[in-house]
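All you need for our numbering is the position in the first sequence, starting with 1, plus 161.
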Amino acid sequence: MRQSKLFSKTSKTSESGAKSVNHDLLARAGFVDQLMAGVYSYLPLGQRVLDKVSNIVRQEMDEVGGQEISLPALHPKENWETTGRWDSMDVLFKIISQSKSEYALGPTHEEVIVPLAKKFIFSYRDLPASLYQIQVKFRDELRAKAGLLRGREFLMKDLYSFHASHQDLKDYYEKMKTAYLKIFSRCGLKAIITEASGGSFTKEYSHEFQVETPNGEDTIFYCPCSFAQNKEIAKHKAGDKCPDCGKKIQELKTIEVGNIFDLGTKFSNDFKLTFTDDKGKEDLVAIGCYGIGISRLMGAIVEVRHDKDGIIWPEEVAPFDYHLLSLTDKGEEVYDDLVKAGVSVLWDDREDVSAGEKMADSDLIGIPNRLVISKKTGDKIELKKRDEEDVKLISIKDVLSDK
RNA sequence: CGGGGCAUGGCCUAAUUGGCUAAGGCACCACGUUUGGGACGUGGGGAUUCUGGGUUCGAGUCCCAGUGCCCCGACCA
Numbered sequence: 162m163r164q165s166k167l168f169s170k171t172s173k174t175s176e177s178g179a180k181s182v183n184h185d186l187l188a189r190a191g192f193v194d195q196l197m198a199g200v201y202s203y204l205p206l207g208q209r210v211l212d213k214v215s216n217i218v219r220q221e222m223d224e225v226g227g228q229e230i231s232l233p234a235l236h237p238k239e240n241w242e243t244t245g246r247w248d249s250m251d252v253l254f255k256i257i258s259q260s261k262s263e264y265a266l267g268p269t270h271e272e273v274i275v276p277l278a279k280k281f282i283f284s285y286r287d288l289p290a291s292l293y294q295i296q297v298k299f300r301d302e303l304r305a306k307a308g309l310l311r312g313r314e315f316l317m318k319d320l321y322s323f324h325a326s327h328q329d330l331k332d333y334y335e336k337m338k339t340a341y342l343k344i345f346s347r348c349g350l351k352a353i354i355t356e357a358s359g360g361s362f363t364k365e366y367s368h369e370f371q372v373e374t375p376n377g378e379d380t381i382f383y384c385p386c387s388f389a390q391n392k393e394i395a396k397h398k399a400g401d402k403c404p405d406c407g408k409k410i411q412e413l414k415t416i417e418v419g420n421i422f423d424l425g426t427k428f429s430n431d432f433k434l435t436f437t438d439d440k441g442k443e444d445l446v447a448i449g450c451y452g453i454g455i456s457r458l459m460g461a462i463v464e465v466r467h468d469k470d471g472i473i474w475p476e477e478v479a480p481f482d483y484h485l486l487s488l489t490d491k492g493e494e495v496y497d498d499l500v501k502a503g504v505s506v507l508w509d510d511r512e513d514v515s516a517g518e519k520m521a522d523s524d525l526i527g528i529p530n531r532l533v534i535s536k537k538t539g540d541k542i543e544l545k546k547r548d549e550e551d552v553k554l555i556s557i558k559d560v561l562s563d564k
């Protein structure tokens, strides 16, 4: 991609409403644009990051047997009345059509997928089943805030698993924990599995995946031995002895990037989703639900991985692998070679922009590898990692073989 | 939803006690000079000062109402 053709531009000044780090940096670097509180447009750079994160999530969900689908965002009122959530879920967006019918905009999809599952699941032979989608969700938050961290419209992966027994659900739930940790690790984050409330529709436990950052809105009590509880349900406090290992419990500010629920038979009971077991007996299907806020995850990565100059994208989610800066009129040949070799590169080919501005923009955008061509580099290319100070001179062959 | 703050070209800001044609920077257009850490000169275009009322000879500035955004809290299957 030639930067001279890039739709977005960087900005030296922060937007007056961009008080959070992720909103400020993502807006200044040209990844997102705020439409209103909690609602953002994703510009070309931002869309590339969302796609990168989504693909990581896809790979890991496919790895645990998930099948990707796409459910409607517009839901009939009736399904939400069936589960009682039309009235009880405060954040439900409700809309009225011109013929005065009422609909919900999906904040989550049990009300759609369980009726769908009824059309295909009849026998223990149809179980287990695991379905997921990556889709925009709507939640009428009273206070959207912190950039991408708490939106009213946001991108989410939600997976629903269906099981013939509760034990089978629990086994799958554990597999999902491992898959989630892998996803967050690939996104450059260390997630802490934290015990949390199951919410009002499951009496079972739930587990949140929390990432430590000073700007986080959640508080957890944590011990490195693997003990972690959300403050909401915690029976311990900072300084107490860890019930598992006896060391002192710490208090951490965190962002929740994922949450998994054992829903039991709540929704299968509401919709009468049953199956026939191998003895010919009818039983309710056990359901698990597993969410990752993709756009929130993008914001969380920025909150954790930045410095005074800008964003520091982890390799796997960066919008491009290489940022090639031409400080002379040379560079086109190198760019063409890289493109031909399939290297993901953003080429700063802008002619009327000073070297200093190109470097400042490069740091702000945060692509992990910076290549510079200038008078000083001769027929070599300078390589600098975004998160390192030292530079080295290499040849284009080194770039191609490195990939 | 309770409390607080803010609202001026696309963006960031200024404007004396209420007083002249709303000023500057960024960005944009033209020409020229520049190019290793956010260069510079000259010229140019771009504004119902959030909306609606009110006070006043006169309102960006004061008052009332509304709207939007940000922050704190509550809320957040």
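For every residue, glycine included, the Cβ atom is placed at its ideal position computed from N, Cα and C.
Rounded to the nearest angstrom, what separates residue i and residue j at their Cα positions?
| i | j | result |
| --- | --- | --- |
| Phe436 | Gly377 | 43 Å |
| Arg219 | Val478 | 13 Å |
| His324 | Asp470 | 49 Å |
| Arg304 | Met459 | 20 Å |
| Ala265 | Lys545 | 50 Å |
| Met250 | Glu229 | 27 Å |
| Asp185 | Lys392 | 28 Å |
| Gly539 | Arg511 | 20 Å |
| Ile217 | Gln164 | 26 Å |
| Val506 | Pro205 | 14 Å |
| Ser367 | Ile354 | 10 Å |
| Met162 | Lys351 | 31 Å |
| Asp287 | Ser262 | 35 Å |
| Lys396 | Phe345 | 27 Å |
| Glu356 | Lys166 | 47 Å |
| Ser260 | Gly312 | 30 Å |
| Lys557 | Thr269 | Checking the sequence, you will find Ile at residue 557 rather than Lys. Using only the alpha carbons, I get a separation of about 48 Å. |
Comparing alpha-carbon positions, which option in the options lies nearest residue i?
| i | options | result |
| --- | --- | --- |
| Pro233 | Leu196, Arg286 and Tyr293 | Tyr293 |
| Gly425 | Glu271, Leu544, Lys501 and Glu476 | Glu271 |
| Ile528 | Arg286, His484, Tyr366 and Ile256 | His484 |
| Phe299 | Cys348, Asp329 and Gly199 | Gly199 |
| Glu314 | Asp513, Asp522 and Lys306 | Lys306 |
| Ser231 | Tyr203, Trp241 and Asp319 | Asp319 |
| Glu373 | Gly227, Asn240, Ala461 and Glu550 | Ala461 |
| Val225 | Gly359, Arg531, Lys440 and Glu335 | Glu335 |
| Asn530 | Pro289, Asn183, Asp194 and Asp548 | Asp548 |
| Gly178 | Asp524, Gln195, Asp329 and Val297 | Gln195 |
| Pro375 | Leu316, His467, Ser429 and Asp405 | His467 |
| Gln208 | Glu464, Phe192, Asp332 and Ser322 | Phe192 |
| Pro237 | Glu221, Gly227, Met222 and Ile256 | Ile256 |
| Gly227 | Arg246, Gly245 and Tyr333 | Tyr333 |
Contact check, residue i vs residue j under 8 Å by CB: the rounded distance?
| i | j | result |
| --- | --- | --- |
| Gly452 | Asn420 | 5 Å |
| His327 | Ala188 | Incorrect: roughly 46 Å between the Cβ atoms, too far for contact. |
| Lys398 | Phe382 | 7 Å |
| Val495 | Ile542 | 7 Å |
| Gly349 | Pro475 | 3 Å |
| Phe481 | Val418 | About 23 Å separates the two Cβ atoms, so there is no contact after all. |
| Asp423 | Leu330 | 6 Å |
At a cut-off of 8 Å, would you count residue i as near the ligand FAD, judging by its Cβ distance to the nearest heavy atom?
| i | result |
| --- | --- |
| Val193 | Questions concerning the ligand FAD fall outside what the structure shown contains, since it holds no ligand whatsoever. |
> Hey, which unbroken runs of the beta strand (DSSP E) at 3 residues or more fall wholly within the region 307 to 344?
Replying inline: 314 to 324
>> Suppose only complete runs of 3+ residues qualify. What are the beta strand (DSSP E) ranges in the region 408 to 454, listed by chain order?
In response: 411 to 425, 435 to 437, 443 to 445 and 447 to 454
>> Under 8 Å, with one C-beta from each stretch per pair, do the region 486 to 493 and the region 209 to 217 reach the 3-pair mark?
In response: no
>> Quick test of the definition: if touching needs 3 or more C-beta pairs under 8 Å, does the region 407 to 423 touch the region 275 to 283?
In response: no
> Can you list the beta strand (DSSP E) stretches of 3 or more residues lying completely in the region 494 to 526, in chain order?
Replying inline: 506 to 509
>> What ranges does the alpha helix (DSSP H) occupy inside the region 229 to 293, keeping only unbroken runs of at least 4 residues that lie completely in it?
In response: 238 to 244, 246 to 249 and 271 to 279
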